[in-house]
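Respectively, the protein sequence lines represent chains E and A.
The letter at position 110 of the first sequence is residue 110 when you use UniProt numbering, and the numbering goes up by one with no holes.
The letter at position 60 of the second sequence is residue 60 when you use UniProt numbering, and the numbering goes up by one with no holes.
Structure record follows, encoded as C-alpha cells.
Protein chains: 2
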Amino acid sequence: MSLTHALLGLLAVEPASGYDLTKEFEQDLGRYAWQAGHTSVYPELVRMAERGLVEVTEEGPRRRRTYSVTSQGREELRKWLLEPWGQGVVRNEQVLRMFLLEALEPEEAAAALRGVIEHAEQGVTQLSAHRAHRAEEPPEGRDVLGQLAAEYGLRQYQAMRDWALWALDHLNQRRTD
Amino acid sequence: MSLTHALLGLLAVEPASGYDLTKEFEQDLGRYAWQAGHTSVYPELVRMAERGLVEVTEEGPRRRRTYSVTSQGREELRKWLLEPWGQGVVRNEQVLRMFLLEALEPEEAAAALRGVIEHAEQGVTQLSAHRAHRAEEPPEGRDVLGQLAAEYGLRQYQAMRDWALWALDHLNQRRTD
DNA sequence: GTTTGACATGTCGAAGTCGACACATGCAGA
DNA sequence: TCTGCATGTGTCGACTTCGACATGTCAAAC
Numbered sequence: 001m002s003l004t005h006a007l008l009g010l011l012a013v014e015p016a017s018g019y020d021l022t023k024e025f026e027q028d029l030g031r032y033a034w035q036a037g038h039t040s041v042y043p044e045l046v047r048m049a050e051r052g053l054v055e056v057t058e059e060g061p062r063r064r065r066t067y068s069v070t071s072q073g074r075e076e077l078r079k080w081l082l083e084p085w086g087q088g089v090v091r092n093e094q095v096l097r098m099f100l101l102e103a104l105e106p107e108e109a110a111a112a113l114r115g116v117i118e119h120a121e122q123g124v125t126q127l128s129a130h131r132a133h134r135a136e137e138p139p140e141g142r143d144v145l146g147q148l149a150a151e152y153g154l155r156q157y158q159a160m161r162d163w164a165l166w167a168l169d170h171l172n173q174r175r176t177d
Numbered sequence: 001m002s003l004t005h006a007l008l009g010l011l012a013v014e015p016a017s018g019y020d021l022t023k024e025f026e027q028d029l030g031r032y033a034w035q036a037g038h039t040s041v042y043p044e045l046v047r048m049a050e051r052g053l054v055e056v057t058e059e060g061p062r063r064r065r066t067y068s069v070t071s072q073g074r075e076e077l078r079k080w081l082l083e084p085w086g087q088g089v090v091r092n093e094q095v096l097r098m099f100l101l102e103a104l105e106p107e108e109a110a111a112a113l114r115g116v117i118e119h120a121e122q123g124v125t126q127l128s129a130h131r132a133h134r135a136e137e138p139p140e141g142r143d144v145l146g147q148l149a150a151e152y153g154l155r156q157y158q159a160m161r162d163w164a165l166w167a168l169d170h171l172n173q174r175r176t177d
C-alpha cells in the first residue's frame, strides 16, 4: 500500500507522531502526491508497528507517541523506492476536469480554460515567491521533502499553464476551420 | 464522485458501451487523470442510469449496450466542469516516490533520480513522436480527448525531467557542502 | 478562573476500489 | 470445423478511504 510507504518515507527522514504526519499530508505532499487524513494515519501506524516496520520511540504529553522506522521498515522502503518505474496509482481530479472541458460548448470551454490559466498562473506566482523566500535559509529534516514538493509543484503549474494555453489556441483553430 | 463525471464526460463526447469506456481508461486518460477498471465501470453505469444521468440508446451483438448522456446528465456535467478550481483528489504513486527518494542514501538517491530522468526522457520522446505522427490526420470524437491528454502527458514528462535534473543538482550541492 | 484554540488520538459505518472468478458471443484463420 | 482471441458484461469479497463523531490535554490570553 502506498500510504504505508509514504509514512515509512516521512519517518525515515525524521521520527514523528501521527499528528505531525497528518500535517505533512496537508502540505505540498498532499497537494501533489498523496492525500491522507488522520483517520487513515493513526490506524495505519498501529498496523505498521504490528508488522515491525515502525516502533514507538518516545512518549510525550497529551498521549503523543513518536514513531521511528525500524531497520526492517527501512529495508522495505528501500526496496519500494528502487523498484522499476512503471505505471502506479494515478488519480487527479483537476486533470480529469481539464481533459473533459472538451465536452463543453466551445465558448464555455474557452472560458474554463482561461480559468485554468489564471489558476496555474497564481500557483506559479505563489510558489516562486515561496522559493525566493526560502533561498535565505536552507531547509532541514522533513522540510527538504517540502522543498522538493514545492519545486515539483512549481513545474506542475507551469506545465498546466502551458498546456491550457496550447489547448485554448487549439480550440480557437478548430473553431475557425 | 469523480468516476461518475469521468463517464459523463466521455459519453458527452460520444455514446459508448462500458467496454469502450473501460478501454478509454487504459489509454492516456487513465495514465494521467483517472483510473478505473471494468468492474467499476459497469456497476457505475447502472447506477447512473437509475439516477437518470445516462440511458441505453442502442443494443448490439454480445449484449453490448451503448449508453448516451441524458439532458440531466449533461447539466450535471456542466455544473461540475464550471465549479471553481479548488483542491481535488490527488493520488500519484510515482510523484510520491520521487519525493521520498530523499530518504535514501545520497548515492542511491542520485542513481534513482537518474532513473527518473531516463524514464521521463523516454516519455517525452515517445509522445513527441506520437504528436508528429498525429499532425497528418487530425483526430475526431473521443480521440480529441486523447490528444488533449497526450499533450498534457508530454508537458508532464518534461516537468518531471526538469524537476529530476534540478533535484540531482541540488543533491550534489548539498553533498559537497 | 475560565475560555479559547492548538495539540493529540481514536472509533465506526458508509462508500469506493480492485482483483479474482465467471460466462457467453462473434469472427478470423488454421 | 474448431480453436483462439477480442468482445462484452457481470458478481463477490477483501481492502482502502473518508467523513462524522468522540474525547481529553496543555498553554496562553482574558
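All C-beta atoms in this analysis are idealised placements derived from N, C-alpha and C, irrespective of residue type, glycine included.
Asked	Found
Contact between the region 66 to 85 of chain E and the region 40 to 59 of chain A (3+ Cβ pairs under 8 angstroms)	no
Listed by chain order, chain A residues near asparagine 92(E) by CB distance under 9 angstroms	Tyr32, Ala33, Trp34, Gly88, Val89, Val90, Arg91 and Asn92
Spatial distance of serine 2(A) from glutamine 173(A) (CA atoms)	42 angstroms
Interface partners of alanine 112(A) on chain E, CB under 8 angstroms	Leu81 and Leu82
Distance between threonine 176(E) and proline 84(E) (C-alpha atoms, nearest Å)	45 angstroms
Histidine 5(E), buried or exposed, once every other Cβ within 10 Å from all chains shown has been counted against 16	buried
Bridge partner(s) assigned by DSSP for serine 17(A)	Thr66(A)
Under 8 angstroms between C-beta atoms of tyrosine 157(E) and leucine 113(E)	no
The beta strand (DSSP E) enclosing arginine 91(A), as first and last residue numbers	90 to 92
C-alpha distance - aspartate 20(A) paired with arginine 65(A), whole-angstrom precision	10 angstroms
C-alpha gap between glutamine 147(E) and valine 116(E), whole angstroms	24 angstroms
Sequence-distant residues of its chain with Cβ nearer than 6 angstroms to alanine 142(A) (five each side left out)	With the sequence shown as reference, residue 142(A) is identified as arginine, and alanine is not the correct amino acid for it. Val13 and Glu14.
Beta-carbon proximity list for leucine 154(A), same chain, < 8 angstroms, skipping 5 on both sides	Gly123, Val124, Leu127, Ser128 and Arg131
Distance between leucine 29(E) and leucine 96(A) (C-alpha atoms, nearest Å)	8 angstroms
Residue-level contact to chain E via CB, serine 68(A), 8 angstroms cutoff	no
Cutoff 8 angstroms: alanine 132(A) Cβ touching any chain E Cβ	no
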